[in-house]
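Asks: In the numbering used here, the protein residues as written are 80 to 584. The C-beta atom is built at its ideal place from N, Cα and C for all residues, glycine as well. Would you mind keeping the following structure in view while I ask a few things?
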């Protein structure tokens, strides 16, 4: 028996490029319009979707690439390059019917060979390293006929369609020998040029298979200096900026609409579990008890944001555990007691490394420094540029603690929780717990959704009780958009969907 799908519910960041892209190219009517969108970081990792790591890179590439499936604003996974698919009863065979008339930005038609190449490349089957854990299950990618591609797994996986809808599973032309610098996809926008540390320019792709974008020309302008964002908005050099602070919002004029949502990420003080004092669980727990989250939200975010107690956020629905918010209540004396037990009665020094281009994280660190003085911990802030954070903290794990937000690019529980397995390449906090590893293996191998959900929740509980990190909040997101434009929509993941924006009436 086979189950046919038109869509399914969603189960629910390093190369510096020295050249502009001459090779990356351009009915909602022929609206001739332009928008400049400010973004906090450059696309430092890669323009190849199969290699992109940074959430800030993926949110831009979303406009250029798409896979067999893609996410929708309502949290569903919908067809994209594929118009439909069927799944075998045991969940190991996915048969995709390709949509007719889909073109790449270079004008070439998308073929089954391109799809096979893309899936195998993103799965690491062609020599590249795969960034999609679930793709290790792929046994084969076969072309059944010119319009049908079959993906066979070694075992069924409940979350596999969500991974196919992720940025790292985009369909690209097999003929493109330089995807790192020449991005060619099938999305509603095509790349025109990229100037490192300055901007990325896109143009509406008028041969797009689906609903055409309204706005013709788009520039993503790098706004690495958080202090200049408001000035640039008010001065008109940028029309839109996501993830403003409440202080920045208060400085805007009536020329802007401010959209409020949540970021769907886990903001935390991420702790290097192999650094000196932080090796001791009692020290990590002391930091948790010494953190006044309500006070943090009031001081830095005007009370906005949703407190969280582990590596999961509310939009994950059935996986989210509100009760973990109460594992640690603000208790200065308890924190001091734990530090004394661990041999740090007189406290210790703690460096908090923060990317300087993300003001909300800087604001958070500043509040934490003051709060930790009360428990005898001498915290200090080390502001670094984004590319330094990527190389030193994320890649080389050379840090003590850091304030950052971690998202799930494909909105799966696995994507958020696998990074804390001892052998995970992106386990930048060096968390190592045998119970966690064992539980995770059970969670991803069971075919029972109820059991899988319970196991994922147990992983969240282990992270909380072991104080792997000091969990803080799912941050409120404020997006400023010049009133000349309308149509902004939030997604349950890190995405800036420019194709939905339009000129106001």
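(1) Ordered along the chain, which non-local residues of its own chain (more than five positions away) have a Cβ less than 6 Å from that of residue 532?
(2) Could you tell me which whole beta strand (DSSP E) segments of length 3 or greater appear in the segment 224 to 305?
(3) Using only CA atoms, which one of 414, 520, 513, 290 lies nearest to residue 367?
(4) Would DSSP call residue 161 helix, strand or coil?
(5) Return the chain-ordered list of same chain residues with a C-beta closer than 7 Å to the C-beta of residue 327, the five sequence neighbours on each side being excluded.
(6) Which of helix, strand or coil does DSSP assign to residue 527?
(7) With distances taken between CB atoms, is the gap from residue 251 to residue 230 smaller than 8 Å?
(8) Could you pull the DSSP bridge partners for residue 458 from this structure?
(9) Are the beta-carbon atoms belonging to residue 317 and residue 339 less than 8 Å from one another?
(10) Going by DSSP, name the residue or residues bridged to residue 319.
(11) Using DSSP's beta-bridge definition, name the partner residues of residue 552.
(12) According to the Cβ coordinates, are residue 120 and residue 133 closer than 8 Å?
(13) I'd like to confirm the pairing. Which residues does DSSP put opposite residue 407 in its beta bridges?
(14) Would you say the segment 390 to 404 touches the segment 435 to 447, given that touching needs at least three Cβ pairs under 8 Å?
(15) How do the segment 233 to 241 and the segment 549 to 556 stand: do at least 3 beta-carbon pairs fall below 8 Å, yes or no?
(16) From the DSSP output, in three-state form, read off residue 332 for me.
(17) Could you tell me which of 220, 546, 576 sits nearest to residue 228, measuring between CA atoms?
(18) Residues in the same chain with beta-carbon distance under 6 Å from residue 116, minus the five sequence neighbours each way, listed in chain order, please.
(19) At what residues does the beta strand (DSSP E) containing residue 485 begin and finish?
(20) Put residue 106 into one of helix, strand or coil per three-state DSSP.
(21) I want to know whether the segment 181 to 188 touches the segment 208 to 215 - three or more CB-CB distances under 8 Å.
(22) Roughly how many angstroms lie between the CA atoms of residue 353 and residue 233, to the nearest whole one?
(23) For the alpha helix (DSSP H) containing residue 126, name the first residue and the last one.
(24) Hey, how far is the Cα of residue 206 from the Cα of residue 245?
(25) Can you grab the Cα-Cα spacing for the pair residue 179 / residue 150, in whole Å?
(26) Pull up the CB-CB distance for residue 574 and residue 138, whole angstroms please, since I reckon it's below 8 Å.
(27) Select from 365, 256, 378, 434 the residue whose C-alpha is nearest the C-alpha of residue 409.
(28) Pull up the distance between the alpha-carbon of residue 429 and that of residue 517, whole angstroms please.
(29) For residue 463 and residue 156, I'd like the C-alpha separation in whole angstroms.
(30) Could you pull out every residue in the same chain whose Cβ sits closer than 6 Å to the Cβ of residue 162, ignoring the five residues on either side in sequence?
(31) May I ask you to list the residues that DSSP assigns as paired with residue 463?
(32) How many angstroms separate the CA atom of residue 282 from the CA atom of residue 259?
(33) So, are the CB atoms of residue 576 and residue 141 less than 8 Å apart?
(34) Compute the Euclidean distance between the alpha carbons of residue 505 and residue 474, then round it to the nearest angstrom.
(35) Anyone know if the C-beta pair for residue 443 and residue 357 falls short of 8 Å?
(36) Use the C-beta contact count for residue 562: other C-beta atoms within 10 angstroms, 16 or more gives buried, fewer gives exposed.
Replies: Taking the structure as given:
(1) If you ignore the 5 residues before and after residue 532, its C-beta comes within less than 6 Å of the C-beta of 397, all in its own chain and listed in chain order.
(2) The qualifying runs are 227 to 232, 268 to 274, 278 to 283, 296 to 301.
(3) Closest by C-alpha distance to residue 367, out of 414, 520, 513, 290, is 414.
(4) Residue 161: strand per DSSP, three-state reduction.
(5) Cβ neighbours of residue 327 within its own chain (closer than 7 Å, five residues either side excluded): 308, 309.
(6) Here residue 527 sits in coil by DSSP.
(7) No, the Cβ-Cβ distance between residue 251 and residue 230 is not below 8 Å.
(8) Under DSSP, residue 458 forms a beta bridge with 429.
(9) No; because the gap between Cβ atoms is not below 8 Å, this pair is not in contact.
(10) 116, 560.
(11) Residue 552 is bridged to 346, 386.
(12) Yes, the pair counts as a contact, with Cβ atoms nearer than the cut-off.
(13) For residue 407, no pairing in a beta bridge is given by DSSP.
(14) Not touching, per the Cβ criterion.
(15) Contact fails: fewer than three Cβ-Cβ distances are below 8 Å.
(16) Coil, per DSSP.
(17) Out of 220, 546, 576, 220 has the C-alpha closest to the C-alpha of residue 228.
(18) Only residues of its own chain outside the window of five on either side were considered, and among them 299, 319 have a CB closer than 6 Å to the CB of residue 116, listed in chain order.
(19) Start and end: 480 to 486.
(20) Per-residue confidence for residue 106 stands at a pLDDT of 44, beneath the threshold of 50, marking its modelled position as unreliable; no derived number is given.
(21) Touching, no, given that fewer than three Cβ pairs across the two stretches are closer than 8 Å.
(22) Taken atom to atom, the span from the alpha-carbon of residue 353 to that of residue 233 is near 35 Å.
(23) Counting along the chain, no alpha helix (DSSP H) covers residue 126, and no H or E run does either.
(24) Distance between the alpha carbons of residue 206 and residue 245: 20 Å.
(25) Each residue's Cα considered, the two are about 20 Å apart.
(26) Right, the Cβ-Cβ distance comes to about 5 Å (below 8 Å), so this counts as a contact.
(27) The shortest Cα separation from residue 409 among 365, 256, 378, 434 belongs to 365.
(28) Using only the alpha carbons, I get a separation of about 31 Å.
(29) Approximately 37 Å between the Cα atoms of the pair.
(30) Contacts found: 176, 178.
(31) For residue 463, the pairing in a beta bridge is given by DSSP as 434.
(32) For residue 282 and residue 259, the distance between alpha carbons rounds to 19 Å.
(33) Taking 8 Å as the Cβ cut-off, residue 576 and residue 141 qualify as a contacting pair.
(34) Answer to the nearest angstrom: the Cα atoms are 8 Å apart.
(35) Not closer than 8 Å, so no.
(36) Here residue 562 is exposed, its C-beta having fewer than 16 other C-beta atoms within 10 Å.
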